[in-house]
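Scroll down for the structure; my scribbles are underneath it.
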């Protein structure tokens, strides 16, 4: 099978040669006795132009050469001749074909150095593989992303979604390649879990029992409500075995994971350098452009590694991925630069040359307070030491430094139990942890990471405070009992990265089949 | 940070040089004034031998050089000195250190060409990072895999599981690399789904509602029981909106996916060559060495592709992966060859040189019947055309041909609705589909695939017969309405592949944290 990519890669060698290829009609226009078809098989972002001239095409049945081409790997058990030789279409029939129709074209490849596309195919025969009817939903006009979300099974056929999902695939490979080249071990941490150690966000229950017809309440005995904050709140009783789960598949209340971090840490103690990359879930009932119930997360974890080194890794990984995508999804990024975010390519290229800022939270707060006091900028939200940064603060910081900013060493009170309490808070009014949030312009927080608490006693105390020190989390403490070492890691929401790489503003448009409240179609 | 892998890769250059490295004690033995420690950081399968001679080690606090080495990337926001300079251990203290303890060693690398390992480190100082107590569960003796399953968070530290999970990681990368090099687009199909089109196996419910305390029954109105067979059985009412789900997160009965195939097919129509690779789920209440409730599945799908070509791809992909793992997990496979399956390396190397057999099911049945009739082999199960093959039949076929066998063109009555009904069943007594099961010795069925039904009317009829032609599956029919083309694909259970590559016999030992009935710990 010759693909459009094959032709695009080697059209010079194929000059004036006969070629056969199959694809879908993206666009077709005809005037008088000539018809132009943009044919795409999705292997290349740009389609191939097919030129059909009335009177120059063959209307007999397909030639032996065509048959051979389409059957060339037929061997062994290929007992059936599924595709009977199909008739060639007449010019009139070709001109009538609607967008989305699949055809096979044979013709001569000619170079067109004066045109935008460097070559085209002068067809001598066209066969129909599968027609698309007039009511095909993807018409020539530009469709809204909202409309296209309703036909998630067809939208990858559009330029926009073809570009986005190719970038997604290329970025995913870049990340695997990055870690593989550096001898990391990829670990598939579990999706179903009873280990609700993180206590972060709302959980989906996984069950083979029937569900009750009434909505849970926050204090429901079986409720899966977990506190969204991470410390000092009492934990729901979800970890206490409940009689009703005795008959459930796992004989316990099981959930969909919110993060593979704790489990992958166990593997960091075995391999030093590991990562997990898989789907994670939040049953958060919020309809925002940045939240989905199901999303992919990449979480590297490194043993014998402290905070500064893990920031080095995060920065290096991000630049590697951007450079790889710039190199390997060129046509797609150019399209996105033109139609989605003007200046996208410049923005991405600029990052590659920058050394990210590293700014302790305490200094960030002082800078923000000073800026407000001196009226150099106006903020809606007042900030005090101990507060989380608001979006406007994040925006100010990335604009102020004109580059990505690692904000480090946050107040322990607003961060999870597993982050290492700093031995030296250097001027902070209260206890801080050895962590970072990487802020970037447009996307806000892109990566969050930390050095992990490696002291058994401190960790136990923090887990007790957070209400997650239960039988099902004992294994996590074991890691600090049996040869504890400094480990550090981070998490990056893969969809946020794709939004950052493509300029797309809604998470629903970077997930093939997004899951949001009330929507699990397909 | 210098890793064991760095030393292993470049020990010749480091001859007689001072090095510092950190790791865990795998084994320690001492006699008189000399102590030998096998130190591993997991970056290399083989540990490094550390030699400590009493009187030759430094008992003062750590040197400036050590501090510099461990802090060399400290910069920017590294405000805290987390690791205070630690004291060097005395010889007596070193000799007492238990397995699993983490230490930092400085010493001279010397070549040992006469020994099994090509170099060792003559320590001049040893510092403790984290001690492991006497009750550390991984003692010197060999532990049973059953015992190690109980400590899934510690077992990757053993040789066996370190080898298995490294092979798993390498094989995963090999597969991504294979498809990336061939311009496939990686698609993350959804994990949560309402599209129970496949009707294959039992489903897990995903919900935010409370769970009822009684076990569902097969005919329960809300029951998620799906028929295990694939045709002509009536489908449960699970796809009919039930009032109780109005208050659920997705407002419908949502499940964990059993396969991403149908969704990835939508993307094959956009990109021609695609694959999905992610977790899939079966709530099958069976405790066998080959079944887990959560497992990873790789599913490529190719447009403009018929059955023979997709078999070419399956065969090529399998050989590529085996070759890649042989090349990139050499030490691990040698270990597995020695301790898990004698002859593993020979078995894997042999496959690379073989052309797999392609045998229509009808011929396979005739061969089996003939063999039984002529008493060339004895079977427990009689086989008639229309029956599934029993394990003994699969074993006979792979032994008979002495190579992997694609059994193709199975009876339509025992295969799913989406497989293409053959136009030319060539001698079969009844309707067959264009599919294959790839049988290999030891593992049985390793890959299953098919050409997909591309005729709208035939597909609709088959979906109706299978009871899966509902509103939520209409989108799948759309793919055959709007420019239908021949597409083909296959699925390979990733754990089955890892078992095949490692010789490990139980699926619980190739999943980092296996999920089986009654077990979702961690």
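Protein chains in written order, with the numbering used here: chain A, 114 to 635; chain B, 114 to 635.
All C-beta atoms, glycine included, are put in the ideal place defined by N, C-alpha and C.
Small disclaimer: the values here were computed from a predicted structure and weren't measured.
#1: When DSSP labels each residue in this structure, what does residue 408 of chain A get in the three-state scheme?
#2: Determine which residues of the stretch 380 to 413 of chain A have a Cβ less than 8 angstroms from any Cβ of chain B, and write them out in chain order.
#3: Any C-beta of chain B sitting closer than 8 angstroms to the C-beta of residue 561 of chain A?
#4: Of all Cβ atoms in chain B, is any one closer than 8 angstroms to the Cβ of residue 592 of chain A?
#5: Pick helix, strand or coil for residue 144 of chain B, following the three-state DSSP scheme.
#6: Note down, in chain order, every chain A residue with its Cβ under 9 angstroms from the Cβ of residue 123 of chain B.
#7: Leaving out five residues before and five after residue 319 of chain A in sequence, what residues of the same chain have Cβ atoms less than 7 angstroms from its Cβ?
#8: Figure out for me which residue from B:308, B:471, B:325 has the closest Cα to the Cα of residue 587 of chain B.
#9: Using CA coordinates, which residue listed in A:383, A:389, A:362, A:324 is at the minimum distance from residue 359 of chain B?
#10: For the putative contact between residue 303 of chain A and residue 628 of chain B, defined by C-beta atoms under 8 angstroms, what is the C-beta separation to the nearest angstrom?
#11: Between which residues of its own chain and residue 177 of chain A is the CB-CB distance below 6 angstroms, once the five residues before and five after are set aside?
#12: Taking 7 angstroms as the line, does the beta carbon of residue 238 of chain B fall inside it for any heavy atom of the ligand GTP?
#13: Of the choices B:466, B:121, B:503, whose alpha-carbon is the least far from that of residue 156 of chain B?
#14: For residue 548 of chain B, name the three-state secondary structure that DSSP assigns.
#15: Pull out every residue of the stretch 267 to 288 of chain A whose Cβ sits closer than 8 angstroms to any Cβ of chain B, in chain order.
#16: Please report the distance separating the alpha-carbon of residue 276 of chain A from that of residue 264 of chain A.
#17: I need the DSSP call for residue 392 of chain B, collapsed to helix, strand or coil.
#18: With 9 angstroms as the C-beta to C-beta threshold (strictly closer), list the residues of the stretch 572 to 585 of chain B near chain A in chain order.
#19: For the alpha helix (DSSP H) containing residue 287 of chain B, name the first residue and the last one.
#20: Going by DSSP, which residues form a beta bridge with residue 414 of chain B?
#21: Can you pull out the residues from the stretch 598 to 619 of chain B whose beta carbon lies closer than 8 angstroms to at least one beta carbon of chain A?
#22: Kindly list, in the order they appear in chain B, the residues whose Cβ is closer than 7 angstroms to that of residue 434 of chain A.
#23: Are residue 298 of chain B and residue 364 of chain B closer than 8 angstroms when you measure CB to CB?
#24: Candidates B:132, B:245, B:371, B:578: which alpha carbon is nearest residue 526 of chain B's?
#25: Using the Cα positions of residue 224 of chain B and residue 159 of chain B, report the straight-line distance between them to the nearest angstrom.
#26: Can you tell me which of A:452, A:294, A:609 puts its alpha carbon nearest to the alpha carbon of residue 258 of chain A?
#27: Do the CB positions of residue 635 of chain A and residue 597 of chain A come within less than 8 angstroms of each other?
#28: How about residue 417 of chain A: is its C-beta nearer than 8 angstroms to some C-beta of chain B?
#29: Give me, in chain order, the residues of the same chain whose beta-carbon lies closer than 7 angstroms to that of residue 442 of chain B; leave out the 5 immediate sequence neighbours on both sides.
#30: Between residue 392 of chain B and residue 410 of chain B, what straight-line distance do the alpha-carbon atoms span, to the nearest angstrom?
#31: Can you pull out the residues from the stretch 533 to 561 of chain B whose beta carbon lies closer than 8 angstroms to at least one beta carbon of chain A?
#32: Against chain A, with Cβ distances strictly below 8 angstroms, would residue 365 of chain B count as a contact?
#33: Run down chain B in chain order and give the residues with a C-beta less than 7 angstroms from the C-beta of residue 242 of chain A.
#34: Between which two residues does the beta strand (DSSP E) holding residue 230 of chain B run?
#35: Quick one: which chain A residues come within Cβ less than 8 angstroms of residue 376 of chain B?
#36: What residues from the stretch 146 to 158 of chain B come within 7 angstroms of chain A, judged by C-beta to C-beta, listed N to C?
By the coordinates alone:
#1: Strand.
#2: For the stretch 380 to 413 of chain A, residues whose beta-carbon sits nearer than 8 angstroms to a beta-carbon of chain B comprise 380, 382, 383, 384, 385, 386, 391, 392, 394, 396, 398, 406, 407, 409.
#3: Judged by the 8 angstroms Cβ criterion, residue 561 of chain A is not in contact with chain B.
#4: Taking Cβ atoms only, chain B reaches closer than 8 angstroms to residue 592 of chain A, which makes this a yes.
#5: The answer is strand: DSSP assigns residue 144 of chain B an E or B state.
#6: Within 9 angstroms of the CB of residue 123 of chain B, no CB atom of chain A is found; the nearest one sits about 13 angstroms away.
#7: The residues are 305, 367, 368, 369.
#8: Residue nearest to residue 587 of chain B within the set B:308, B:471, B:325 is B:308 (criterion: CA-CA distance).
#9: Of the listed residues, the one whose Cα sits closest to residue 359 of chain B is A:324.
#10: Taking a contact as a CB-CB distance under 8 angstroms, the pair residue 303 of chain A and residue 628 of chain B counts as one, their CB atoms being some 6 angstroms apart.
#11: Reliability fails at residue 177 of chain A, whose pLDDT of 44 lies under 50, so the model's placement of it is uncertain and the value that follows must be treated cautiously. Here the set comprises nothing.
#12: Looking for the ligand GTP in the displayed structure turns up nothing, as the structure carries no ligands at all.
#13: The shortest CA-to-CA distance from residue 156 of chain B to any of B:466, B:121, B:503 is the one to B:121.
#14: Residue 548 of chain B sits in a strand when the DSSP states are folded into three classes.
#15: Answer in chain order: 267, 269, 270, 274, 275, 278, 279, 281, 282, 285, 286.
#16: Straight-line measurement puts the Cα of residue 264 of chain A at about 17 angstroms from the Cα of residue 276 of chain A.
#17: Residue state, collapsed to three classes: strand.
#18: Taking 9 angstroms as the upper bound on Cβ-Cβ separation, chain A lies near residues 585 of the stretch 572 to 585 of chain B.
#19: Here the alpha helix (DSSP H) through residue 287 of chain B covers 272 to 294.
#20: B:387, B:602, per the DSSP bridge assignment.
#21: Against chain A - using a Cβ distance shorter than 8 angstroms - the residues of the stretch 598 to 619 of chain B are 598, 599.
#22: Ordered by position in chain B, no residue passes the 7 angstroms Cβ test against residue 434 of chain A, which lies about 14 angstroms from the chain.
#23: Cβ atoms of residue 298 of chain B and residue 364 of chain B: not closer than 8 angstroms.
#24: If we check each option's Cα against that of residue 526 of chain B, B:578 comes out closest.
#25: Straight-line measurement puts the Cα of residue 159 of chain B at about 16 angstroms from the Cα of residue 224 of chain B.
#26: Considering only A:452, A:294, A:609, the residue with the shortest C-alpha distance to residue 258 of chain A is A:452.
#27: No, Cβ-Cβ distance for residue 635 of chain A and residue 597 of chain A is not below 8 angstroms.
#28: Residue 417 of chain A counts as touching chain B.
#29: Here the set comprises 279, 280, 283.
#30: For residue 392 of chain B and residue 410 of chain B, the distance between alpha carbons rounds to 6 angstroms.
#31: So the close ones are 533, 535, 536, 537, 538, 539, 547, 549.
#32: Interface residue, yes.
#33: Those within 7 angstroms of residue 242 of chain A in chain B are 598.
#34: Per DSSP, residue 230 of chain B belongs to no beta strand (DSSP E) and is neither H nor E.
#35: Result: 266, 625, 626, 635.
#36: Here the close residues are 154, 155, 156.
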